[in-house]
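As structure tokens, the structure follows; a few thoughts come after it.
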């Protein structure tokens, strides 16, 4: 009955308040073009599903580390971690997932195959054939786990930071948006931008190793395709737990580190128990007082855990 009431209320809103306004608002957002990419760091690759923005840091001959960001915050989320790893001699590759940052916003589902194709294409474009360390944050943790399970010969070590893939905490609103087809699209376009702004502003008092992170995050709403990309991911790669992938990683005996935020209410640390049940060989670290933004709010602790897990490159002359 409650679900039917929500549906009826949305239908009334559509009829009485002008049902097309969320779509009109989305259409009026700025289209990401080459002109907007002019000031972006790094380079661009034209891949099978669109243009992907990427950037390298660190010595060219250093061991490669590939960074995969999460649902809403593009590759700038890695700024302090990439800088620290590069200073320690690693070659660091970060890129923007489709629908975020300076990458294209292709239409359609954003399931595991979609994101793995982007990473496969990028590695092929860059001529990367040797194995590397793969680090994924939030939704990027699900992408990284999926990639490692599909191509274990390419991944030497896997690091998951507040990773998705163990099942999201559900809510009536999330279920409605994810499961209700066109009405879910309408609700996402109508409601999500405000919710996103409120979530970013709620973190305003927290320290950040990424300068102006709130403004950078909110800036994603300026571009057409960002909100639909979030919805496509909620309906795609985030719609199911990745138990099969993690069981495959267990069978591969791949070294895995998982880092959790003690106060994370997006990917709660209780998900650690689910991952441990799937693969007891995973090493877990919990950062005290850290919420979901731990790569930039607690970057020093995250970097410490990462560098103690990775074999450090030999000293350079």
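In UniProt numbering, the protein residues as written are 1 to 317.
Even glycine gets a Cβ: it sits at the ideal position worked out from N, Cα and C.
None of the values given here were measured: they were computed from a predicted structure.
- The alpha helix (DSSP H) runs of length 4 or more contained entirely in the segment 258-314 are, from start to end of the chain, 271-278, 294-297 and 299-309.
- According to the DSSP assignment, residue 185 belongs to the alpha helix (DSSP H) that extends over 181-202.
- Secondary structure note for residue 213: its alpha helix (DSSP H) is the uninterrupted segment 213-218.
- For residue 79, the three-state secondary structure derived from DSSP is helix.
- Secondary structure of residue 44 (DSSP, three-state): strand.
- Cα atoms of residue 70 and residue 45: separation of roughly 20 angstroms, rounded to the nearest angstrom.
- For residue 141, the uninterrupted alpha helix (DSSP H) segment begins and ends at 139-150.
- Nearest C-alpha to residue 27 among 229, 224, 33 and 230: 224.
- 8 angstroms or more divides the Cβ of residue 124 from the Cβ of residue 260.
- In the structure shown, residue 175 adopts helical secondary structure according to DSSP, grouped into three states.
- The beta carbons of residue 158 and residue 306 sit no closer together than 8 angstroms.
- Judged by beta-carbon spacing, residue 66 lies within the 8 angstroms limit of residue 93, meaning their Cβ atoms are closer than that value.
- Residue environment analysis places residue 73 among the buried positions, since at least 16 neighbouring C-beta atoms fall within 10 angstroms of its C-beta.
- The beta carbons of residue 53 and residue 95 sit closer together than 8 angstroms.
- In the DSSP annotation of this structure, the continuous segment of the alpha helix (DSSP H) that includes residue 116 starts and ends at 112-125.
- For residue 57, no alpha helix (DSSP H) segment is defined; the enclosing uninterrupted segment is the beta strand (DSSP E) at 50-57.
- Spatial neighbours of residue 204 in its own chain (CB-CB distance under 7 angstroms, excluding positions within 5 residues in sequence) are listed in chain order as 214.
- For residue 28, the enclosing alpha helix (DSSP H) has its first and last residue at 21-28.
- The beta carbon of residue 86 lies closer than 6 angstroms to those of 57, 58 and 92 in the same chain, with the five residues before and after it left out.
- Minimum Cα-Cα distance from residue 119 among the listed residues 137, 105, 144 and 104 corresponds to 144.
- When Cβ pairs closer than 8 angstroms are counted between the two stretches, the segment 223-243 is seen to touch the segment 184-195, the count reaching three or more.
- The beta-bridge partner set that DSSP reports for residue 135 consists of 67 and 159.
- Shown here, residue 92 sits in a strand according to DSSP, grouped into three states.
- With 16 or more neighbouring CB atoms inside 10 Å of its own CB, residue 264 falls in the buried class.
- A residue is called buried once 16 or more other Cβ atoms fall within 10 Å of its Cβ, and residue 308, having fewer, is exposed.
- Bridge partners of residue 223 according to DSSP: 30.
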